[in-house]
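Asker: Each position in the sequence shown, counted from 1, maps to that position plus 6 in my numbering. Attaching a single structure in structure tokens format; questions to follow.
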Amino acid sequence: MMLRITHNADLTRLTTFGIHAECGCLVEYDSPDELRQVADEHHGLLSGEVFCLGGGSNVLFADGFYRGTVLHCAGDAIEELPPSDGQADSVVRLRVGAGVVLDNLVDYVAARRYWGLENLAAIPGRVGGAAVQNVGAYGADFSQCVELVRAFDIDRHRVVEYPAEECAYGYRQSYFKTPDSPRLAIFEVVLRLSREANPRLGYAGVREALGDTPQEEITPAMIAEAIRKVRSAKLPDPSEVGSAGSYFKNPVVPAAELPGIEDSWERFCDRHSVAHMPLQYHEGADGTAKLSAAWMIDKSGCKELSSGGAALWPTQPLVIVNRSGSAIAADVLALQRMVQDRVEEAFGVRLEPEVVRL
Ligand code: EPU
7 MMLRITHNAD LTRLTTFGIH AECGCLVEYD SPDELRQVAD EHHGLLSGEV
57 FCLGGGSNVL FADGFYRGTV LHCAGDAIEE LPPSDGQADS VVRLRVGAGV
107 VLDNLVDYVA ARRYWGLENL AAIPGRVGGA AVQNVGAYGA DFSQCVELVR
157 AFDIDRHRVV EYPAEECAYG YRQSYFKTPD SPRLAIFEVV LRLSREANPR
207 LGYAGVREAL GDTPQEEITP AMIAEAIRKV RSAKLPDPSE VGSAGSYFKN
257 PVVPAAELPG IEDSWERFCD RHSVAHMPLQ YHEGADGTAK LSAAWMIDKS
307 GCKELSSGGA ALWPTQPLVI VNRSGSAIAA DVLALQRMVQ DRVEEAFGVR
357 LEPEVVRL
């Protein structure tokens, strides 16, 4: 593909929610040179509001119309790089275009028996988006494989590099999501994978899905397949039901707040004659606790909530789906608030959306 500029573009096909959306201008590009060309020849397109859209799997256009410019990177090259100085033989370095579909990359590396990305199988989205929101699942996250992120600085018109240490990766978090970040269009990522086996099977269901395969015979492809099975049992199939994956983040709170949350939950159970169960959370090493939002949504009785065409997915209520196929953004936002209000009433904690709303 070459540079393509479309005014008043329809974005519906570029998002996984399947909710109608348009934008003032869509710029589809492969390389930073093309972005420089846009900056030089069509300056107005980049001087106002700009949003970088990857696989559209974590975004909701709240008004159905985005008046700014949407940048969409189509660069989908994958190239193996020579080892850097002093690097162990087991290390594999790959340069990957931001437009590569993450699940295709998982297949590419699994076929070559490179370890690192196998637990991220079947996550919708592209590599650029994965580098921004640090996608994670089944005990792994994207940042664990990132060596370097390359981006076009939209205001300074030049290519900039961010080594992993400068990306400030955390749970569904990175420097690129903070207000400190300049306006960037990520166009490629250098990943560091390994030839050495490192199966991560800690997550309930993953080991079981591998049957009785002995640990030393397990390959990245087998894990990817097992993860696909586990995911498809719980999560909607994006080709059948529109969604943006987990709509909310799991709340991370100081562990000291747990007794207060537990109190609020007990009082809610008494008031509503709900059977009380102890809170579900994982304590982190840093004095924080990550609560299970799916559990909170389920136990506070949100599962049946819906709004217009939007509903919660029955086996993973963290996911808001376009159940009717004709939901509008306002349906999703109304359901978001209903869930937030109910969970806050029950636990005194307000869930934060993970999905980017524009
Ligand atoms: N649960 C319920 N009721 C339900 C469903 C689940 O109580 O109806 C409870 C279960 O008891 C389970 C807990 O919720 O123990 C957690 O569920 P799950 O294992 O699916 O994990 P999650 O924390 O809800 C996160 C990610 C998912 C990722 C899974 C697996 C976030 C926001 N979501 O979900 O990511 O696939 O872990 O690692 O962190 C995504 O981001 O789009 C996504 C799907």
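A virtual CB, placed ideally from N, CA and C, is assigned to each residue, including glycine.
#1: Once DSSP output is grouped into helix, strand and coil, what is the label at residue 202?
#2: For residue 252, write down the residues that DSSP places opposite it in a beta bridge.
#3: Please tell me whether, using a cut-off of 6 Å, the distance from the CB of residue 304 to the nearest non-hydrogen atom of ligand 1 is below it.
#4: Under 7 Å between the Cβ atoms of residue 191 and residue 59?
#5: Use the C-beta contact count for residue 261: other C-beta atoms within 10 angstroms, 16 or more gives buried, fewer gives exposed.
#6: Enumerate in chain order the residues of its own chain whose CB-to-CB distance from residue 17 is below 8 Å, with the five nearest sequence positions on each side excluded.
#7: Taking the alpha-carbon of residue 171 as reference, which of 165, 95, 256, 180 has the nearest alpha-carbon?
#8: Go ahead and pull the three-state DSSP assignment for residue 273.
#9: Under 8 Å: do the region 323 to 335 and the region 243 to 252 share three or more Cβ pairs, one atom per stretch?
#10: Which runs of the beta strand (DSSP E) at least 3 residues long sit entirely within the region 47 to 132? Give them in chain order.
#11: Between residue 360 and residue 255, what straight-line distance do the alpha-carbon atoms span, to the nearest angstrom?
#12: Between which two residues does the alpha helix (DSSP H) containing residue 347 stretch?
#13: Counting only the same chain and skipping the five closest in sequence on each side, list residues whose C-beta sits under 7 Å from that of residue 116.
#14: Helix, strand or coil for residue 143? Go by DSSP, reduced to three states.
#15: Using a threshold of 7 Å, state whether the C-beta atoms of residue 302 and residue 349 are closer than that.
#16: How is residue 363 classed by DSSP in three states: helix, strand or coil?
#17: Hey, is the region 150 to 170 in contact with the region 264 to 283, meaning 3+ C-beta pairs nearer than 8 Å?
#18: Nearest CA to the CA of residue 294: which residue from 204, 264, 193?
#19: Considering only the beta carbon of each residue, do residue 145 and residue 208 sit closer than 7 Å?
#20: Tell me, please, which residues DSSP counts as bridged to residue 294.
#21: Between which two residues does the alpha helix (DSSP H) carrying residue 213 extend?
#22: Following the continuous beta strand (DSSP E) through residue 189, name the residue where it begins and the one where it ends.
#23: Using only the alpha-carbon positions, how far apart do residue 205 and residue 43 sit?
#24: First and last residue of the alpha helix (DSSP H) that includes residue 237?
#25: Spatial neighbours of residue 127 within its chain, please: CB distance less than 6 Å, with the 5 preceding and 5 following residues excluded, ordered by chain position.
#26: Following the continuous alpha helix (DSSP H) through residue 303, name the residue where it begins and the one where it ends.
Answerer: For this structure:
#1: coil
#2: 325
#3: yes
#4: no
#5: exposed
#6: 27, 28, 29, 32, 59, 62, 67, 72, 76
#7: 180
#8: helix
#9: yes
#10: 56 to 59, 71 to 79, 84 to 87, 97 to 103
#11: 5 Å
#12: 335 to 353
#13: 124, 226, 227, 230
#14: strand
#15: yes
#16: strand
#17: no
#18: 264
#19: yes
#20: 260
#21: 212 to 215
#22: It is not in any beta strand (DSSP E) - residue 189 carries neither H nor E in the DSSP assignment.
#23: 44 Å
#24: 226 to 240
#25: 112, 230, 233, 234
#26: 299 to 305
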